[in-house]
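Undergrad: Numbering (numbering that gives the first Met the number 0), first residue to last: 0 to 247. So that we are looking at the same thing, I have put the structure below in structure tokens.
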Amino acid sequence: MDYKDTIDLQNIPQHVAFIMDGNGRWAKKQGQHRLFGHAAGVESVKEVIKTAREIGISFLTMYAFSTENWSRPSEEVEGLMNLLVEAITNEVDEMHQNGVRLLTIGDIKGLPGNCYDSLMAAMERTKDNQNLTLVLALNYSARQEILEAAKKLTELVQDGSKSLDQIQEQDFAQLLQTKDIPDPELLIRTSGECRISNFLLWQLSYTELYFTETHWPDFRRDALLEAICAYQKRERRFGMVSEQIKKA
Ligand code: IPE
Ligand code: IPE
Ligand code: MG
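Written out as structure tokens, the structure is:
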């Protein structure tokens, strides 16, 4: 059976966000070094992008490195940064051919120079692509993102370009790094942990949360289709009652 037959292609979430967790545990289980798990995780990213294109998801946001991840052993941090450059270098041609646009959120200026340069070059090259947008969260902290937006808004109020009593939620959202990106309908976190770990705190307000025991390196096509299927069984009420949703 193809899992694709179990999903409704008319009800595909436009934006799916991922907390790609469990690379380390996956590697340890097979007696390997953590970096072996991260490398296998890159294959999952590629397969998820491919499947997303196949079923028509327009935006994928992937949490690849949090500001908290700097606290890991330096050899792991270094290994992750090298893997990032390697993945971008190896994949940018195919991404471009497939019409994938690359964006980032997080403070990428805080990454090593070669990471920053390869990301900037890949973003410039793919900027007009329209099939799918891949947003990589790198050196990302949701609290930091919200704090920066609050500071910018304060400046706009102080210099008189915005008046305090007219500020709407949309004005704030436009100052986040995700401006122009729709909020995710679905968040998937792999590897059993049921927490948000400082990811997209504003944007996830009404997102469906899906947690799976599967470690990220094992999260491939069928796992994504299964998550979409579970999402499609949910009733998104947005504060209303069930009868109102069914009528609509
Ligand atoms: C996710 O896997 C990758 C990153 C956070 C960069 P982990 O490295 O967190 O794997 P576990 O959670 O230790 O198994
Ligand atoms: C969250 O995973 C960050 C990324 C996936 C990049 P972590 O493994 O760092 O999260 P915690 O420490 O378990 O909350
Ligand atoms: Mg983890």
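Even for Gly, the Cβ is constructed at its ideal location relative to N, Cα and C. As the structure is a computational prediction, the values presented were derived from the model and not from experiment.
Terminal residues of the continuous beta strand (DSSP E) containing F64?
TA: First-last of the beta strand (DSSP E) with F64: 58 to 65.
Undergrad: Does the beta carbon of D20 fall short of 7 Å from some heavy atom of ligand 3?
TA: It does: the Cβ of D20 is within 7 Å (strictly closer) of some heavy atom of ligand 3.
Undergrad: G78: beta carbon under 7 Å from a heavy atom of ligand 3?
TA: False, no ligand heavy atom lies under 7 Å from that Cβ.
Undergrad: Find the nearest neighbour of K151 within the set S140, D170, Y139, judged by alpha-carbon distance.
TA: If we check each option's Cα against that of K151, D170 comes out closest.
Undergrad: Could you say which of P181, G105, M94 lies nearest to E147 if we only look at CA atoms?
TA: Among P181, G105, M94, the Cα nearest to that of E147 is on G105.
Undergrad: Nearest-angstrom Cα distance between A172 and D179?
TA: Cα to Cα, A172 sits roughly 9 Å from D179.
Undergrad: Might you give, ordered along the chain, the residues of its own chain that have their beta carbon closer than 7 Å to the beta carbon of C193, omitting 5 neighbours on each side?
TA: Answer for C193: F210, listed in chain order.
Undergrad: What number of angstroms, rounded off, separates the C-alpha of F198 from the C-alpha of A63?
TA: One C-alpha to the other measures close to 11 Å.
Undergrad: Could you tell me which residues DSSP pairs with I18 in its beta bridges?
TA: According to DSSP, I18 bridges with Y62, R188.
Undergrad: At the level of alpha carbons, what is the spacing between N10 and P72?
TA: Going by the C-alpha atoms only, they are around 42 Å apart.
Undergrad: Looking at the structure shown, is T132 part of a helix, part of a strand, or coil, going by DSSP?
TA: Correct three-state label for T132: strand.
Undergrad: Closest to M80 by CA distance: which of T177, R100, L110 is it?
TA: Ranking T177, R100, L110 by Cα distance to M80 puts L110 first.
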